[in-house]
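Written out below as structure tokens is the structure these notes cover.
Protein chains in written order, with my numbering: chain A, 3 to 429; chain B, 3 to 429.
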């Protein structure tokens, strides 16, 4: 065991060295070469459909034999639709503008030097994820586009599929004249590999964990390199006294019920006291019809019950719970200040919205709610890289430093200062 | 001891709660109120000169009694010049444009929502520094301007001076109608307070350590909150075969000798082989005249010796040493690729420059050198918040995430996404 662990550390360290080496070549690579690698990978996925399905079959068989849930097995499957999605995703990433090399804000300084900023790749990015094999393609695609090297560590249940996909990506890189080691997949399913990966700042510039909360918490706690992470999505909508209530019903319906499982789905509805009696029965009927369980504070429960709607008493825990399910907590508050205070205190700083026609109040909500995305008169479900125009996302960050909210290509880059002089010296 | 440690933890946790509370008020505060706090603090420093000097006298007496070096005692002294510098610094920060509240990149998306970014304070910032009391004013000033709350932990040798200064800042905040707790000074000199401060992500959003390498390394290793840090400044200048050699002499003289102790002073000179024989005797004479010890590789040493200049053989360690002293390592390389490779391998990713008239080569150096600041035909000494036009700096970051290079007000902020809708829902 001790020796095995040493072997794994040495193996991961070797991956790190290769990634560091490859990252220098990627940083030099032309836009055209990086896009060619993406398009070549897309083409190869189409061409190797059968081989990919055979590799995937191995994962599926093991999952079924282990008695894993059908939903889990479904997420693992490389169906035609999943493969088509991968190809489309790569084509979309290739079509995005290149973030790398952009020079901005070049200004002449009193000394005479011109100072600006150049956008450059971060270097070497570790991605740790669970069992969806499409993350292998999405993550590698974004890292290639942004000129980074990446080390992928997918869930052990998808190891055969991931190896087959990684081999195709590496072939795509080589076809474009780029180093295959710009994308490496950790080939052991031993958990010690994760520990080694997140402990070496010389090999890895940033870790992006994608998966459940416990995975992300463990990685954040143990990592010795920076982590771009996403914890809870406890998203709120506050319906203000100045709201158009028909709009509020439409938006609150969408934010909660369009899909239950995404992190940007609403979990808590806050209603301004003066409109509670008019609004809650309306939205309550929508939720009741769709089978959404309503957990309400006393004031909200009174209104809902009086309207003959089913309601459960909310506990303190409900205000800090991400249900990801047809359950919603509902509270009545006295004005926007109370709503903002509730959101900043109980929320997860992910995405929160106000419904109001009151402009100064809307702007105050935008300023004072301390969340990655803050919205006026829109569904929290819009908090998403595609909807925000970022083109694609590697995740949604609830951190404040570096990348906040949906993380697109820009989050995988940094800016260095560039100085243009003509023999200038400091006096 | 155990009880004392518990008390310190509780004390620091209480500071953290107060900072968190104050940060909400600071985020709401108007530009005018924050600037008024800065100007009021400046005015009070002028008014309380005598009281500040008396407090400082306590620190100075203890330092002298402890037999500390004269240079150390000098750095501790609140002379007229130091006080005038503090006042001027605060006035300068007050005069800077407000970074907070800026909304940029608002674009309409296909769904119809408008998505942009709003610049907001980070929240609560911990600053850990050594014994210069002026850092108390500089750091607090930048945090107030950027709408953050801050907890300051200065060196124990300056505790009396720092307490007197912090009291004035808190008075300035209150005069502007802002919470005094937006600036708190840790009043115990127990080291356990640092441990408590860097361990609580709920209380502190980011730590900025300012001081020697060992302090910064210890904090980075132990922190459980993000750190904006600056380690070594092993800065290079590469003199290319296409350089104007007279310009190269002027720039290399300035980069090394204008001041020896700043982190942006040059430590390693790399000279392209074809111009080594012409260039090295010229710059060598400048260095020899100024008493700079030259540690050279074999090829450089041969040229310098042949010119009758004093030279020492460089060891492997020299290429990775930040001297901060009149010592320079000098190597001859075969072209820009070898120089870039040397810099990326042995440097500290701080500031590096090329001297050349060759435009494509200069642009390649800019792109491929993986450092926070990369310069063409300019002295590395320019890597500085004021010289870069940032107005002031809280430090220089050699990290890649969030803030890279000189960190001004922008590094103390984050951007959140803001969404303007009109009842938009996701389809």
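Glycine included, C-beta positions come from ideal geometry on N, C-alpha and C.
Note that the structure is a prediction, hence the values are computed from the model and not measured.
Check	Outcome
Under 8 Å by beta carbon: chain B residues contacting residue 428(A)	256, 260, 381, 383, 384 and 389
Chain A residues whose Cβ lies nearer than 7 Å to that of residue 253(B)	425 and 427
Start-to-end residues for the beta strand (DSSP E) that takes in residue 237(A)	237-241
Burial state of residue 8(B), where buried means 16 or more other Cβ atoms lie within 10 Å	exposed
Contact with chain A by residue 417(B), beta-carbon distance below 8 Å	yes
Minimum Cβ-Cβ distance from residue 367(A) to chain B less than 8 Å	no
Pick from 89(B), 387(B), 107(B) and 208(B) that is closest to residue 154(B), judged by C-alpha positions	208(B)
is_contact[residue 32(A), chain B] using C-beta, thresh 8 Å	no
Stretch-stretch touch, CB-based, cutoff 8 Å, three pairs: the stretch 283-290 of chain B with the stretch 243-257 of chain B	yes
CB contact below 8 Å: residue 3(B) versus chain A	Residue placement at residue 3(B) is flagged as unreliable, the pLDDT there being 43, under the threshold of 50; the coordinate-derived value follows with that caveat. Answer no: the Cβ-Cβ gap between residue 3(B) and chain A never drops below 8 Å.
Stretch-stretch touch, CB-based, cutoff 8 Å, three pairs: the stretch 409-426 of chain B with the stretch 365-385 of chain A	yes
Any C-beta of chain A under 8 Å from that of residue 407(B)	yes
Interface partners of residue 109(A) on chain B, CB under 7 Å	391
Sub-8 Å separation of residue 91(A) and residue 140(A) beta-carbons	yes
Given residue 105(B) as reference, the closest of 417(A), 369(A), 409(A) and 398(A) once Cα atoms are compared	369(A)
Where residue 312(B) falls, given that 16 or more other Cβ within 10 Å makes a residue buried	exposed
Spatial distance of residue 300(A) from residue 292(A) (CA atoms)	23 Å
Chain A contact for residue 15(B) (CB, 8 Å cutoff)	no
Residue from 78(A), 295(A), 232(A) and 280(A) whose Cα sits closest to the Cα of residue 475(A)	Given that chain A is displayed from residue 3 to residue 429, the structure contains no residue 475(A) and the question cannot be resolved.
Option in 304(A), 403(A), 151(A) and 232(A) with minimal Cα separation from residue 214(A)	232(A)
Where residue 403(B) meets chain A, residues with beta-carbon distance less than 9 Å	124, 207, 208, 228, 230, 403, 404, 405 and 416
Distance CB(residue 111(B))-CB(residue 390(A)) smaller than 8 Å	yes
Any C-beta of chain B under 8 Å from that of residue 376(A)	yes
Supposed contact pair residue 89(B) and residue 47(B) - C-beta distance, whole angstroms, cut 8 Å	5 Å
Cutoff 8 Å: residue 189(A) Cβ touching any chain B Cβ	no
Proximal residues to residue 33(B) (C-beta, below 8 Å), its chain only, five neighbours per side dropped	100, 102 and 103
Distance between residue 375(A) and residue 427(B) (C-alpha atoms, nearest Å)	16 Å
Contact belief for residue 245(B) with residue 357(B) at Cβ below 8 Å, rounded distance in angstroms	4 Å
For residue 99(A), the three-state DSSP class (helix, strand or coil)	coil
Reference residue 10(A), options 192(A), 49(A) and 332(A), closest by Cα	192(A)
Three-pair Cβ contact test at 8 Å for the stretch 70-77 of chain B versus the stretch 172-181 of chain B	no
Inter-residue spacing [alpha-carbon to alpha-carbon] between residue 229(A) and residue 211(A)	8 Å
Nonlocal neighbours in the same chain, by C-beta distance under 8 Å from residue 363(B), ignoring five residues either side	242, 244, 338 and 356
Buried versus exposed, by CB contacts within 10 Å (16 or more), residue 399(B)	buried
Residue interval of the alpha helix (DSSP H) (run including residue 360(A))	That residue, residue 360(A), is in no alpha helix (DSSP H); it is neither H nor E in DSSP.
Under the three-state DSSP convention, the category residue 212(A) falls into	strand
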